[in-house]
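Each residue of the sequence shown is one higher than the one before, starting from 301 at the first, in this note's numbering.
Taking it in order: structure first as structure tokens, then the write-up.
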Amino acid sequence: MSPNYPMPYYQNSECYWLLRGNRGSPFEIQFEQFHLEHHQKCNFDYLAIYDGNSSNAKQLGKFCGDQIPQTIHSSGDSVYIKLRTDNSLQGGGFLAKYKQVCHEVLTVNRSHGILESLNYPNNYPLNEHCNWTIQTTKGNTLNYSFTAFDLEDGSDCDRDFLKIYDGPDAQSNLIGTFCGQSLPLAGSTTGTSLHVEFYSDGLNARSGFQMLWQVDGCGGELFGPSGSFHSPGYPSRYPSNRECIWYIHTAPGSSIQLTIQEFDIEYHPNCSYDVLEVFGGPDFLSPRLAQLCVSRSAQNPLRISTTGNSAVVRFETDAAGTGKGFNASWQENPGGCGGIFQATSGEIHSPNYPQPYHNNTDCSWVIQVDQSHRVLLNFTDFDIENHHSCNYDNVEVFDGPNNEAPLLEKLCGTQHPPPITSSKNLMYIRLHSDNTIQHRGFSAHFTEGFLAHISYLLFFLPRGILFTVNYCFSQKCLFLENIVKIIKKRRILYQQKTQKSQLLRWSARCSMACESRSRKGSQSWELIPKFLLLIKYYCKFYPHFMLMYLITLYAFIFTTESKQACGSFIESDSVGAAISSPLYPAKYPNNQNCSWIIQAQEPYLANGRTQQSSCSAFTGKANKSPALATHCVFPFCCVS
Numbered sequence: 301m302s303p304n305y306p307m308p309y310y311q312n313s314e315c316y317w318l319l320r321g322n323r324g325s326p327f328e329i330q331f332e333q334f335h336l337e338h339h340q341k342c343n344f345d346y347l348a349i350y351d352g353n354s355s356n357a358k359q360l361g362k363f364c365g366d367q368i369p370q371t372i373h374s375s376g377d378s379v380y381i382k383l384r385t386d387n388s389l390q391g392g393g394f395l396a397k398y399k400q401v402c403h404e405v406l407t408v409n410r411s412h413g414i415l416e417s418l419n420y421p422n423n424y425p426l427n428e429h430c431n432w433t434i435q436t437t438k439g440n441t442l443n444y445s446f447t448a449f450d451l452e453d454g455s456d457c458d459r460d461f462l463k464i465y466d467g468p469d470a471q472s473n474l475i476g477t478f479c480g481q482s483l484p485l486a487g488s489t490t491g492t493s494l495h496v497e498f499y500s501d502g503l504n505a506r507s508g509f510q511m512l513w514q515v516d517g518c519g520g521e522l523f524g525p526s527g528s529f530h531s532p533g534y535p536s537r538y539p540s541n542r543e544c545i546w547y548i549h550t551a552p553g554s555s556i557q558l559t560i561q562e563f564d565i566e567y568h569p570n571c572s573y574d575v576l577e578v579f580g581g582p583d584f585l586s587p588r589l590a591q592l593c594v595s596r597s598a599q600n601p602l603r604i605s606t607t608g609n610s611a612v613v614r615f616e617t618d619a620a621g622t623g624k625g626f627n628a629s630w631q632e633n634p635g636g637c638g639g640i641f642q643a644t645s646g647e648i649h650s651p652n653y654p655q656p657y658h659n660n661t662d663c664s665w666v667i668q669v670d671q672s673h674r675v676l677l678n679f680t681d682f683d684i685e686n687h688h689s690c691n692y693d694n695v696e697v698f699d700g701p702n703n704e705a706p707l708l709e710k711l712c713g714t715q716h717p718p719p720i721t722s723s724k725n726l727m728y729i730r731l732h733s734d735n736t737i738q739h740r741g742f743s744a745h746f747t748e749g750f751l752a753h754i755s756y757l758l759f760f761l762p763r764g765i766l767f768t769v770n771y772c773f774s775q776k777c778l779f780l781e782n783i784v785k786i787i788k789k790r791r792i793l794y795q796q797k798t799q800k801s802q803l804l805r806w807s808a809r810c811s812m813a814c815e816s817r818s819r820k821g822s823q824s825w826e827l828i829p830k831f832l833l834l835i836k837y838y839c840k841f842y843p844h845f846m847l848m849y850l851i852t853l854y855a856f857i858f859t860t861e862s863k864q865a866c867g868s869f870i871e872s873d874s875v876g877a878a879i880s881s882p883l884y885p886a887k888y889p890n891n892q893n894c895s896w897i898i899q900a901q902e903p904y905l906a907n908g909r910t911q912q913s914s915c916s917a918f919t920g921k922a923n924k925s926p927a928l929a930t931h932c933v934f935p936f937c938c939v940s
């Protein structure tokens, strides 16, 4: 209950409660009375509840006003509660009851833990029926052992007893039924789950039990200012059908710099095969900072920074191809926000997001993508204290490595800013807040775009006849940015800024019916590397007239000299596609490693011929597949 309850609580005060219970059983909190000063965002008087042992844990709720909060359920055996009041209005306070629950408890995403009977080491309650399920990730098993065991004895354990099952529930294989004072033997599961049941009758309670468990396999909890970890089997190939989770914790008030020195896993444009994910927080509900599946050499490491002193790294593999894996390390950095991101894509967010950022915050991020690329920044959520000149709280975006670079944007308010693009491969972002009002903050996703990428737009009809130049772009809804050019044989047919263009609409979706490029039966097809994310949709439309000869159109998104992406995923239901080496017909650059995955819809088979050497084609989705020949141009042949 609040101080002085049921009388009004004190002004200008902060009160803290820490609930600690028996290991393995969460808390349930029910409010009976609740009267705190009201505010739309609970900025004056409030009660905050956290799912852990401090305010650094995930916030389960922040409450004020007169409405009784719903029942609160923690995920673990600790809850931290904070009551804060200001110097103005007072309410009658609150009254709440709490208890630990042990029925149908599921424990996931942990590498080890302790399970205890309620009230341990004191006597457990009478007439209690508890069951817990511990679930690990695929490809791993669980080990368990007992450090204490004291249950009422009985013939055939028919009074108080503990049952252990090798699986997720009581229908799984029974490992054993235990009672009395003898420690059960340590054991292991054959799969990913362990189910435990405890039953007590109405007589002769004892002190209960304490059981330790841990995951047998990859992953684990990592503590300290620095360290390293790697995929299973590294530097040899990692196994199939495996999921590994690492939990990294550094000192409170710090942040984590994660470096991946080498990265070689199976590629898919959506990372649907094998994937490495990084979450900026203690669990998978935290913002996902990166989703990685594009191989990189040790000479070009990936760097990812957290906002806060916790990170979760998840590595999952499918049943098919494998690679060498990865080797990673982490370093504790002073300060709880900001950092360096050196990756092709990722996410940054304000401290404590999606909860409000703190007063007097000053965080900065440096985003670096590969050379000959630039940074494309898109805010997915934005809520910063508003001011007509953004002089209170603000987010500044600079076109370079620090705040001495040209300022691209100074942002505040609640409207989503438009996408922001750097001129080179570096972007500097700074969040500043003053000492007054707090807001939710921001979340932003970045990816890399080519400094001078040429997107090939190949529009085919069923007979291979091309749409006209003007008609295509007057009837298509494109999602481009900056200067757009359409060039045929070095002659500019069209040039305009998309924001002012009457031909190109700044829209993520068209007003007509739109189709993605992979949809079957479309009348046109675009050959665009999927990871560019620059052209989102196109609209199917039948032209009034057509050209009877083939023309290749080049849509210049940027205006410098490099010409082509290095590798892509090509998915087609059309009559053909073309690929070429970077900068073709000029000389390709040094240190290039390009892969193209070409997927045709049934009933087509990919066949090809080499126009100029040399490149190789393989049957399947990776270079581990059997080699076909050196093919660079792929027409598609019907085999029905």
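Just so you know, even glycine gets a beta-carbon here, dropped at the ideal spot from N, CA and C.
Please read all numbers here as calculations on a predicted model, not as lab measurements.
Let me know if Gln671 comes out buried or exposed under the rule of 16 or more other beta-carbons within 10 Å of its beta-carbon. Residue environment analysis places Gln671 among the exposed positions, since fewer than 16 neighbouring C-beta atoms fall within 10 angstroms of its C-beta.
With a Cβ-Cβ cutoff of 7 Å, do Ser528 and Ser629 count as a contact? Yes, the Cβ-Cβ distance between Ser528 and Ser629 is below 7 Å.
Select from Arg506, Thr617 and Pro525 the residue whose C-alpha is nearest the C-alpha of Asp564. Of Arg506, Thr617 and Pro525, the residue nearest in Cα terms is Thr617.
Measure the alpha-carbon distance for Ala448 versus Leu462 and round it to whole angstroms. When rounded, the separation of the alpha-carbon atoms in Ala448 and Leu462 is 13 Å.
Grouping DSSP H, G and I as helix and E and B as strand, with all else coil, what is Ser455? Helix at Ser455.
Can at least three beta-carbon pairs, one atom from the region 499–518 and one from the region 592–603, be found at a separation below 8 Å? The answer is no - the region 592–603 does not touch the region 499–518, with fewer than three Cβ pairs under 8 Å.
Which residues in the same chain have their Cβ closer than 6 Å to the Cβ of His335, if we skip the five residues on either side of it in sequence? Its chain contains Asp366, Gly391 and Gly392 as the residues whose beta carbon lies nearer than 6 Å to that of His335, once the 5 sequence neighbours on both sides are disregarded; these appear in chain order.
Does the region 515–530 come into contact with the region 546–553, if we say contact requires no fewer than three beta-carbon pairs (one atom in each stretch) closer than 8 Å? A contact exists between the region 515–530 and the region 546–553.
Inspect the CB distances between the region 511–525 and the region 471–481 and report whether three or more fall short of 8 Å. Counting C-beta pairs closer than 8 Å gives fewer than three between the region 511–525 and the region 471–481, which falls short of the contact rule.
Taking just the CA atoms, how far does Asn343 sit from Phe446? Looking at the two C-alpha atoms, the distance is approximately 47 Å.
Count the other C-beta atoms from every protein chain shown that fall within 10 angstroms of the C-beta of Met848, then say buried if there are 16 or more, exposed otherwise. Note that Met848 has pLDDT 25, beneath the 50 cutoff, so the model's placement of it is unreliable and the number below is only indicative. Sixteen is the threshold: since fewer than 16 other Cβ atoms of the shown chains lie within 10 Å of the Cβ of Met848, the residue is exposed.
Nearest residue (CA-CA) to His658, options Ser733, Pro701, Ile729 and Thr559: Looking at Ser733, Pro701, Ile729 and Thr559, the one whose alpha-carbon comes closest to that of His658 is Ser733.
On the criterion of 16 or more Cβ atoms from any shown chain inside 10 Å, does Met511 qualify as buried, or is it exposed? Flag for Met511 reads buried.
Applying the criterion that 16 or more other CB atoms from any shown protein chain within 10 Å of the CB defines a buried residue, is Ser824 buried or exposed? Its pLDDT being 32, under 50, Ser824 is placed unreliably in this model, and the value from its coordinates should be taken loosely. With 16 or more Cβ atoms within 10 Å of its Cβ, Ser824 is classed as buried.
Starting from the Cα of Leu494, find the closest Cα among Leu503, Pro468 and Gly480 and give me that residue. Check the Cα spacing between Leu494 and each of Leu503, Pro468 and Gly480: the tightest is with Pro468.
Rounded Cβ spacing between Gly502 and Leu426 (contact assumed at less than 8 Å): That belief holds up - the Cβ atoms of Gly502 and Leu426 are roughly 5 Å apart, short of 8 Å.
Ignore the nearest five residues each way along the sequence and tell me which others in Asn353's own chain have a CB closer than 7 Å to its CB. Excluding its 5 nearest sequence neighbours in each direction, Asn353 has C-beta neighbours in its own chain below 7 Å: Leu318, Ser378 and Tyr380, listed in chain order.
I'd like to know if the region 640–654 and the region 715–724 are in contact, where contact means that at least 3 CB-CB pairs between them fall below 8 Å. Inter-segment contact for the region 640–654 and the region 715–724 is absent: fewer than three beta-carbon pairs are separated by less than 8 Å.
CB-CB under 8 Å to Ile737, same chain, minus the five flanking residues each way: which ones, in chain order? Around Ile737: Asn343, Glu685, Tyr692 and Asp693.
Look up Tyr499 in the DSSP assignment and give the residues it is bridged to. For Tyr499, DSSP records a beta bridge to His429 and Phe461.
Taking Ser586 and Val613 to be in contact with their CB atoms under 8 Å, please state how far apart those CB atoms are, rounded to whole angstroms. That pair is no contact at about 12 Å.
Residue closest to Ile372, alpha-carbon to alpha-carbon, out of Asp699, Glu337, Thr407 and Gln400: Here the closest residue by C-alpha is Gln400.
Residues in the same chain with beta-carbon distance under 6 Å from Asn443, minus the five sequence neighbours each way, listed in chain order, please. Excluding residues within five positions, the ones whose Cβ falls inside 6 Å are Ser488, Gln514 and Asp516.
Decide yes or no for the touch test of the region 624–638 against the region 549–569: beta carbon pairs closer than 8 Å, at least 3 of them. Here the region 624–638 makes contact with the region 549–569; the two share three or more CB pairs at distances below 8 Å.
Residues bridged to Glu616 (per DSSP): Glu543 and Val575.
Whole angstroms is fine: what's the gap from Val697's alpha carbon to Glu521's? CA-to-CA, the gap between Val697 and Glu521 works out to about 35 Å.
Would His739 be called buried (16 or more neighbouring beta carbons within 10 Å of its own) or exposed? By the 10 Å Cβ count, His739 comes out buried.
Can you give me the C-alpha to C-alpha distance between Ser536 and Gly623, rounded to a whole angstrom? Their backbone Cα atoms lie some 8 Å apart in a straight line.
Let me know the secondary structure DSSP gives His673 once reduced to three states. Correct three-state label for His673: strand.
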